[in-house]
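Numbering (full-length UniProt numbering), first residue to last: 1 to 159.
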């Protein structure tokens, strides 16, 4: 990962989600980097998104709220730590600007035939925090659903 926690990377602190998307890297990249597109797919099934700020550059902020199907709002604060066009995005993710409960995430875009393999890696500060996020927020299934929504959007446009 571009930015990790000081300790040696431990797979037990990570959630790794992969998906092969039947669309070229350029189209998948655009869906990740344009707020209008992100608002259509980012988040698990049934979630909506409201973006307040989106500055897609290293050091830039994405300030957004995920609206759950049960009406619960989930504030999110992302600071981009790496932007390598058509290859990788990395960020620090928390609930608010000064929140100390942070995890780091990267997404690799890998051309595979006419499609794109996405490799999304979220790394948490501890095994306990990873387990809490999986238990309380369904993070593993949420990641699968999120990439599924992205695939549905870009594959429909690519069709």
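No residue lacks a Cβ here, since even glycine has one placed at the ideal position from N, Cα and C.
Predicted, not measured: the structure shown is a model, and the values here were computed from it.
6 angstroms Cβ shell around residue i - same chain, five flanking residues per side excluded
{"i": "residue 42", "result": "49"}
{"i": "residue 62", "result": "54, 78"}
{"i": "residue 133", "result": "139"}
{"i": "residue 18", "result": "119"}
{"i": "residue 136", "result": "none"}
{"i": "residue 16", "result": "121"}
Own chain partners of residue i with C-beta closer than 7 angstroms, once the 5 adjacent residues on each side are dropped
{"i": "residue 13", "result": "123, 124, 126, 127, 130"}
{"i": "residue 112", "result": "20"}
{"i": "residue 24", "result": "114, 116"}
C-alpha gap between residue i and residue j, whole angstroms
{"i": "residue 106", "j": "residue 120", "result": "6 angstroms"}
{"i": "residue 21", "j": "residue 96", "result": "31 angstroms"}
{"i": "residue 145", "j": "residue 68", "result": "13 angstroms"}
{"i": "residue 98", "j": "residue 9", "result": "24 angstroms"}
{"i": "residue 26", "j": "residue 85", "result": "9 angstroms"}
{"i": "residue 34", "j": "residue 100", "result": "27 angstroms"}
{"i": "residue 59", "j": "residue 156", "result": "32 angstroms"}
{"i": "residue 28", "j": "residue 89", "result": "12 angstroms"}
{"i": "residue 6", "j": "residue 141", "result": "Caution is warranted here: a pLDDT of 49 is assigned to residue 6, below 50, making its placement in the model unreliable, and the coordinate value is therefore given only provisionally. Answer to the nearest angstrom: the Cα atoms are 27 angstroms apart."}
Check whether residue i and residue j have beta carbons under 8 angstroms apart
{"i": "residue 149", "j": "residue 73", "result": "no"}
{"i": "residue 57", "j": "residue 83", "result": "yes"}
{"i": "residue 162", "j": "residue 102", "result": "What is shown of the chain runs 1 to 159, which leaves residue 162 out entirely."}
Counterpart residues of residue i in DSSP-defined beta bridges
{"i": "residue 120", "result": "17, 107"}
{"i": "residue 50", "result": "65"}
{"i": "residue 84", "result": "88"}
{"i": "residue 163", "result": "In the structure as shown, the chain begins at 1 and stops at 159. Residue 163 is therefore absent and cannot be evaluated."}
Own chain partners of residue i with C-beta closer than 8 angstroms, once the 5 adjacent residues on each side are dropped
{"i": "residue 153", "result": "31, 37, 40, 41"}
{"i": "residue 65", "result": "49, 50, 52, 73, 74, 75, 76"}
{"i": "residue 87", "result": "108, 109"}
CA nearest to the CA of residue i, picked from the options
{"i": "residue 80", "options": "92, 71, 10, 88", "result": "92"}
{"i": "residue 70", "options": "47, 98, 147, 90", "result": "47"}
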